[in-house]
Amino acid sequence: MSQSATPSSAAPARFAGIWIPLVTPFNAGAVDHAALDALVRHYVKADVAGFVALGTTGEPATLDDREQDAVLATVLAAAGDLPVVVGVSGNHTASVCERVAALNAQPVAGVLAAAPYYIRPSQAGVIGHFAAIADASRQPVIVYDIPARTGVSIALPSLLELAAHERIVAVKDCGGSLDKTLGLIADGRMDVLCGEDLEMFGALCAGASGAIAATAHLRPERFVAMAQALREGRLGDARAIWFTLVPLVRAAFAEPNPGPVKAALASIGLMRNELRAPMTCVSGELEETLARLLA
Numbered sequence: 001m002s003q004s005a006t007p008s009s010a011a012p013a014r015f016a017g018i019w020i021p022l023v024t025p026f027n028a029g030a031v032d033h034a035a036l037d038a039l040v041r042h043y044v045k046a047d048v049a050g051f052v053a054l055g056t057t058g059e060p061a062t063l064d065d066r067e068q069d070a071v072l073a074t075v076l077a078a079a080g081d082l083p084v085v086v087g088v089s090g091n092h093t094a095s096v097c098e099r100v101a102a103l104n105a106q107p108v109a110g111v112l113a114a115a116p117y118y119i120r121p122s123q124a125g126v127i128g129h130f131a132a133i134a135d136a137s138r139q140p141v142i143v144y145d146i147p148a149r150t151g152v153s154i155a156l157p158s159l160l161e162l163a164a165h166e167r168i169v170a171v172k173d174c175g176g177s178l179d180k181t182l183g184l185i186a187d188g189r190m191d192v193l194c195g196e197d198l199e200m201f202g203a204l205c206a207g208a209s210g211a212i213a214a215t216a217h218l219r220p221e222r223f224v225a226m227a228q229a230l231r232e233g234r235l236g237d238a239r240a241i242w243f244t245l246v247p248l249v250r251a252a253f254a255e256p257n258p259g260p261v262k263a264a265l266a267s268i269g270l271m272r273n274e275l276r277a278p279m280t281c282v283s284g285e286l287e288e289t290l291a292r293l294l295a
């Protein structure tokens, strides 16, 4: 890395703490808005930092535009004073920018935008895509680096170039590169939100501002307590909490997300265990494991 190993001084994080990337409950094939409303209100009481609507965990690829708008409306109504970030994705820059511009009318705290999927553009194309999104948005933009799903990794120099845009303020880091993570933290211009749940503790210890964690659906109060302990310098307490969560995190990603999270939430009566094809419910064995871990 060309960056100093010591994080630079930066403004207080805009996006920090534990954020929940909400699942989208279904009932007989339709979005279950009553269950979604109840879920959001349940997590408000757990003192999470905020919510992501229509992120990967919310199965947005299976929702049409009208359903996506309705999901966002339900989340915004239930979240109260807590901030809501909305996910957007696509591989046609102009179409994504149209969606982002339409979201300017919504009271969202930011836009979480993934790199173009499937087509694997150059780094110049990736930079242009995110710059266009940021130009179209009136809200802060969080760059979502998740090459395992999109097929393109956003290189550290590209991310640092994007940091110069006034509205690109954070990264959801699922890039799979510790070197990149440390480079972003050391640069200090963007908030770094860990998006790989099992890497969360190490990222927070290294200076990440927070995490967007699907597993936080299941033990939100423990994730919040762990992050709080780290902020207060109580490393031993944070480590002890974290190791109670590790088995749950591993189980939550033993099969494709969000299947395990939905099965776990169904086991404690918070929603139905239902996904939209081609996503499937988890195996009976994993369902039993999750229920046992939450008992």
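For the record, in the sequence shown the residue sitting at position 102 is 102 according to the UniProt record's numbering, with numbers rising by one throughout.
Where a beta carbon is used, it is the ideal one built from N, C-alpha and C, also for glycine.
Everything numeric in this text was worked out from a predicted model, so none of it was measured.
Straight-line CA distance for residue i to residue j?
i: Met-259; j: Gly-269; result: Per the sequence presented here, residue 259 reads as Gly, with Met not at that position. Their Cα atoms are separated by approximately 15 Å.
i: Ile-146; j: Val-152; result: 8 Å
i: Glu-67; j: Ala-73; result: 10 Å
i: Ile-127; j: Gly-80; result: 34 Å
i: Asp-32; j: Leu-54; result: 14 Å
i: Pro-220; j: Pro-247; result: 15 Å
i: Pro-223; j: Phe-15; result: For the record, residue 223 in the displayed sequence is Phe; it is not Pro. Rounded to whole angstroms, Phe-223 to Phe-15 spans 16 Å at the Cα level.
i: Gly-236; j: Met-271; result: 35 Å
i: Leu-122; j: Ala-203; result: Residue identity check: residue 122 is Ser in the sequence provided, not Leu. Using only the alpha carbons, I get a separation of about 28 Å.
Residue range of the beta strand (DSSP E) that residue i falls in?
i: Phe-51; result: 50-53
i: Gly-17; result: 17-21
i: Gly-87; result: 84-88
i: Ala-170; result: 168-173
i: Leu-112; result: 110-114
By DSSP, does residue i sit in helix, in strand, or in coil?
i: Gly-284; result: helix
i: Pro-147; result: helix
i: Phe-223; result: helix
i: Leu-293; result: helix
i: Lys-180; result: helix
i: Val-152; result: coil
i: Ala-79; result: helix
i: Phe-130; result: helix
i: Phe-26; result: strand
i: Ile-142; result: strand
With burial defined as no fewer than 16 other Cβ atoms inside 10 Å of the residue's Cβ, what is the status of residue i: buried or exposed?
i: Ser-8; result: Summary for Ser-8: the model assigns pLDDT 47, below 50, so the residue's position carries little reliability; its value from the coordinates is reported in the next sentence. That one is exposed.
i: Tyr-118; result: exposed
i: Ser-89; result: buried
i: Thr-280; result: exposed
i: Ala-28; result: exposed
i: Thr-244; result: exposed
i: Glu-98; result: exposed
i: Ala-277; result: exposed
i: Arg-292; result: exposed
i: His-217; result: buried
i: Leu-230; result: buried
Kindly indicate the opening and closing residues of the alpha helix (DSSP H) around residue i.
i: Lys-45; result: Note, Lys-45: premise wrong, no alpha helix (DSSP H); not H, not E.
i: Phe-243; result: 235-252
Do we get a CB-CB distance below 8 Å when we pair residue i with the residues of chain C?
i: Met-271; result: Checking the listed chains, one finds no chain C in this structure; it contains a single protein chain.
* At 3 residues or longer, and completely inside the segment 185-215: list those beta strand (DSSP E) runs for me, N to C. => Scanning the segment 185-215 from its first residue to its last, the whole beta strand (DSSP E) runs of 3-plus residues come out as 191-194 and 210-212.
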